[in-house]
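A.B. asks: In the order they appear, the protein sequences are chains F and A. Residues in the first sequence are numbered consecutively from 1049, following the numbering used here. Residues in the second sequence are numbered consecutively from 1049, following the numbering used here. Ideal placement from N, C-alpha and C gives every residue a C-beta, glycine not left out.
Protein chains: 2
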Amino acid sequence: MLPYEHFGYIGAMTDSPNDVTPDRLCKADALPPSDQHAQQYAAVRNAHETELLEDYVELIADLLEHQGEARSTDIAARMGVSQATVSKTVTRLKSLGLVSSKPYRSLFLTEKGEAMAAMSHQRHAIVLQFLRALGVSDRTARIDAEGMEHHVSQETLEIMQRYTREQGRRDA
Amino acid sequence: MLPYEHFGYIGAMTDSPNDVTPDRLCKADALPPSDQHAQQYAAVRNAHETELLEDYVELIADLLEHQGEARSTDIAARMGVSQATVSKTVTRLKSLGLVSSKPYRSLFLTEKGEAMAAMSHQRHAIVLQFLRALGVSDRTARIDAEGMEHHVSQETLEIMQRYTREQGRRDA
DNA sequence: TCTACAAGTTAACCTTGGCTAAAATACTGT
DNA sequence: ACAGTATTTTAGCCAAGGTTAACTTGTAGA
Ligand SMILES: [Mn+2]
Ligand SMILES: [Mn+2]
Ligand SMILES: [Mn+2]
Ligand SMILES: [Mn+2]
């Protein structure tokens, strides 16, 4: 419960409460139309349904690449979660046709699982590199990217990618 | 199930698979140390615990400000969720000391609830304005901000704020 | 070989956040 | 005043994601 507290609530952001307003229309910023507002929340709920699956297949792909196999002990350690939890989630991944394995053996990705892992990995990389290009420290960028990646649309991803590229050129 | 699919998986990002690598060290990008990796995921799980609460208090504050009262019908409509769901979540908000209300009456925020709403609102605004400053369309920026906001650390928030400010100055 | 220990699974439990259907309460117009 | 409608709550259901504890399976060393 200690290291996660850099998303500090209390005492954070109390120094500059007004310069949040670079344009004039922020005060009493009207609510969006009800149905559009509902779609925003629906998109978030939607992302939540797949986000854990994405992290799992991404991690499994990484383990397969870097250690040759993906054992559930390693997943449990890296996820910071019990082995029982991993076992149950893997059952779900299998039932969704993303992962295959024989009991008590290493995990593998199906075609579908590899496709999802590739997508997730790419998206994760784009977000992480963008944050670093912005000037965020590596440690923080990794933490933020792990959560943000699931909520970044295609449109935003492309813009992030362009920014990172141009920022790289500026450095060179 | 239609409008949320701009986080498209299939067919998305297949055009430029290689330019994700502005620096050379991306191929076989080593895994972080196990404990640090676990902390990343823990931070995300942590954010998930409060994110709905934050959205609720933020919405309640907005409704109080813009319509004078916060009825659970309105919350249900704006969240795109049933009234029963709102009722149950509100019970939880009350038990956490964030919201107060008498049965069958409008909702109000406690001191604690207002503090959380103010924080959440400010953070939400920073993320939204940052995305717009980056060049993301309003519609997409609103959707992405709704999810991203809960996963942006203090450090990143400050950098976003600076970027937005400077971007505004460049426009003027 | 067989015994210990590591790795994986299963069972039983919990909380959160959804849902529908039914019941209770409040409000409004005649 | 009260009938009818709108709002809110409650009850009962479900899936996801977490836990611990107990059991099973695999593997490596003496
Ligand atoms: Mn990821
Ligand atoms: Mn992630
Ligand atoms: Mn918000
Ligand atoms: Mn939100």
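(1) If you check the beta carbons only, do leucine 1176 (chain F) and isoleucine 1207 (chain A) fall under 7 Å apart?
(2) Determine whether the Cβ of alanine 1091 (chain F) lies closer than 7 Å to any Cβ atom of chain A.
(3) Between aspartate 1192 (chain F) and ligand 1, is there a pair consisting of the residue's CB and a ligand heavy atom that are separated by less than 6 Å?
(4) Once DSSP output is grouped into helix, strand and coil, what is the label at alanine 1091 (chain A)?
(5) Between the alpha carbons of tyrosine 1152 (chain A) and aspartate 1192 (chain A), how many angstroms are there, rounded?
(6) Is glutamate 1206 (chain F) near ligand 2, judged by its Cβ being under 6 Å from some heavy atom?
(7) To the nearest angstrom, how far is it from the Cα of proline 1080 (chain A) to the Cα of histidine 1114 (chain A)?
(8) Go through its chain and collect everything with a Cβ distance to glycine 1145 (chain F)'s Cβ below 7 Å, but skip five positions before and after it.
(9) With a Cβ-Cβ cutoff of 7 Å, do glutamate 1117 (chain A) and serine 1154 (chain A) count as a contact?
(10) Just the Cα atoms here: how many angstroms apart are glutamine 1131 (chain A) and serine 1120 (chain A)?
(11) Roughly how many whole angstroms lie between the Cα atoms of threonine 1137 (chain F) and arginine 1217 (chain A)?
(12) Which of the three DSSP states, helix, strand or coil, is assigned to leucine 1157 (chain F)?
(13) So the alpha helix (DSSP H) arginine 1218 (chain F) belongs to, where does it begin and stop?
(14) For a contact defined as C-beta to C-beta under 9 Å, what are the partners of alanine 1086 (chain A) on chain F?
(15) With which residues is alanine 1118 (chain A) paired in a DSSP beta bridge?
(16) Here's the rule: buried if 16 or more other CB atoms are within 10 angstroms of the residue's CB, otherwise exposed. What is arginine 1180 (chain A)?
(17) Of all Cβ atoms in chain A, is any one closer than 7 Å to the Cβ of histidine 1169 (chain F)?
(18) I need the straight-line Cα distance from isoleucine 1108 (chain F) to isoleucine 1123 (chain F), nearest angstrom please.
(19) For a test of the three-state rule: what should DSSP assign to serine 1185 (chain A), helix, strand or coil?
(20) With a threshold of 7 Å between beta carbons, is threonine 1137 (chain A) in contact with chain F?
(21) State the DSSP-derived secondary structure class of serine 1082 (chain A), mapped to helix, strand or coil.
(22) Taking leucine 1141 (chain F) as part of the alpha helix (DSSP H), name the residues at either end of that continuous run.
(23) Looking at glutamate 1097 (chain F) and serine 1168 (chain F), is the spacing between their C-beta atoms short of 7 Å?
C.D. replies: In terms of the structure at hand:
(1) Leucine 1176 (chain F) is not a Cβ neighbour of isoleucine 1207 (chain A), given a cutoff of 7 Å.
(2) Answer yes: the Cβ-Cβ gap between alanine 1091 (chain F) and chain A drops below 7 Å somewhere.
(3) Not so, every heavy atom of ligand 1 lies at least 6 Å from the Cβ.
(4) The answer is helix: DSSP assigns alanine 1091 (chain A) an H, G or I state.
(5) Rounded to the nearest whole angstrom, the CA to CA distance from tyrosine 1152 (chain A) to aspartate 1192 (chain A) is 34 Å.
(6) Here the distance from the Cβ of glutamate 1206 (chain F) to the nearest heavy atom of ligand 2 is not below 6 Å.
(7) Annotation: proline 1080 (chain A) to histidine 1114 (chain A) spans about 46 Å, alpha carbon to alpha carbon.
(8) The residues are Thr1158, Lys1160.
(9) Result yes, Cβ atoms of glutamate 1117 (chain A) and serine 1154 (chain A) sit closer than 7 Å.
(10) A direct Cα-to-Cα measurement between glutamine 1131 (chain A) and serine 1120 (chain A) gives close to 7 Å.
(11) The C-alpha of arginine 1217 (chain A) is placed about 49 Å away from the C-alpha of threonine 1137 (chain F).
(12) Annotated three-state conformation of leucine 1157 (chain F) is strand, per DSSP.
(13) That run of the alpha helix (DSSP H) goes 1202-1219.
(14) Contact note: alanine 1086 (chain A) reaches chain F through Ala1125, Arg1126, Met1127, Gly1128, Val1129, using a C-beta cutoff of 9 Å and chain order.
(15) Per DSSP, A:Leu1155.
(16) Buried is the call here.
(17) It does not: the Cβ of histidine 1169 (chain F) has no partner Cβ on chain A nearer than 7 Å.
(18) Their Cα atoms are separated by approximately 8 Å.
(19) For serine 1185 (chain A), the secondary structure class from DSSP, reduced to helix, strand or coil, is coil.
(20) Not closer than 7 Å to any Cβ of chain F, the Cβ of threonine 1137 (chain A) fails to qualify, so no.
(21) Note: serine 1082 (chain A) maps to helix in three-state DSSP.
(22) Unbroken alpha helix (DSSP H) run through leucine 1141 (chain F): 1131-1143.
(23) At least 7 Å separates the beta-carbon of serine 1168 (chain F) from that of glutamate 1097 (chain F).
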